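Remarks on the structure that follows.
In our numbering, the protein residues as written are 16 to 199.
Now the structure itself:
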């Protein structure tokens with residue numbers, strides 16, 4: 016399991032991206048992506064990205080729209096997107112509760128990172144976003160730097176811990192209703 020630090024898709028040098036790895040209880044560590052590749056040459060990895068690099072959302076579609084999901088998704092999410100949809104990568108999950116969960120990220124950043132993993136001889140088994148993996152436990156707060164706050168199943172934010180009090184107030188959220196986990 017290779018967990019990327021927040022901002023990994025916006026990093027200038029993919030080899031210097033900060034990562035944490037978990038192979039077994041004894042096989043844990045953190046360092047740069049290049050350091051990981053040196054220690055675990057040829058490894059098959061599961062990638063876990065920070066929601067800081069992704070938009071985690073959902074869309075409600077009619078059956079007619081759902082038939083053309085890949086074509087209409089950028090337009091349905093247009094108000095939530097920053098940047099040109101041509102430079103974004105979209106992924107949609109299976110229908111759940113009348114909504115399709117969707118993830119959006121920077122396409123060039125993702126392509127660059129995947130190319131670097133290939134250059135390093137690492138093979139990708141699967142990939143996920145931290146908040147997406149934890150969505151069923153919402154509302155949830157993960158103590159880390161930056162902290163992860165999963166507000167609802169399709170809403171999450173990554174932010175520095177010193178901004179959390181302002182967020183509780185701005186969104187009128189009760190911190191006592193959030194389960195708290197440490198980063199491990």
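Cβ atoms here follow ideal geometry from the backbone N, Cα and C, with glycine treated the same way. Bear in mind that the values here come from a model prediction, so they are computed numbers and not experimental data.
Query raised in the report: Counting along the chain, where does the alpha helix (DSSP H) carrying residue 53 start and finish?
Result: Its alpha helix (DSSP H) spans residues 48 to 54.
Query - Cβ shell of residue 149 (< 6 Å), same chain only, five flanking positions each side left out - result: Correct list, in chain order: 155 and 165.
**Report entry** Supposed contact pair residue 24 and residue 121 - C-beta distance, whole angstroms, cut 8 Å
**Finding:** 5 Å between Cβ atoms; contact.
Query raised in the report: So, using beta-carbon positions, are residue 55 and residue 34 closer together than 8 Å?
Result: Going by C-beta atoms, residue 55 is not nearer than 8 Å to residue 34.
Report task. My understanding is that residue 160 touches residue 66, with C-beta atoms under 8 Å, so please give their C-beta distance in whole angstroms. Result -> Going by Cβ atoms, the distance from residue 160 to residue 66 rounds to 14 Å, so no, they are not a contact pair.
Query raised in the report: Roughly how many angstroms lie between the CA atoms of residue 72 and residue 107, to the nearest whole one?
Result: Spanning the alpha carbons of residue 72 and residue 107 requires a straight line of approximately 10 Å.
**Report entry** Cross-strand partners of residue 197 (DSSP beta bridge)
**Finding:** 158, per the DSSP bridge assignment.
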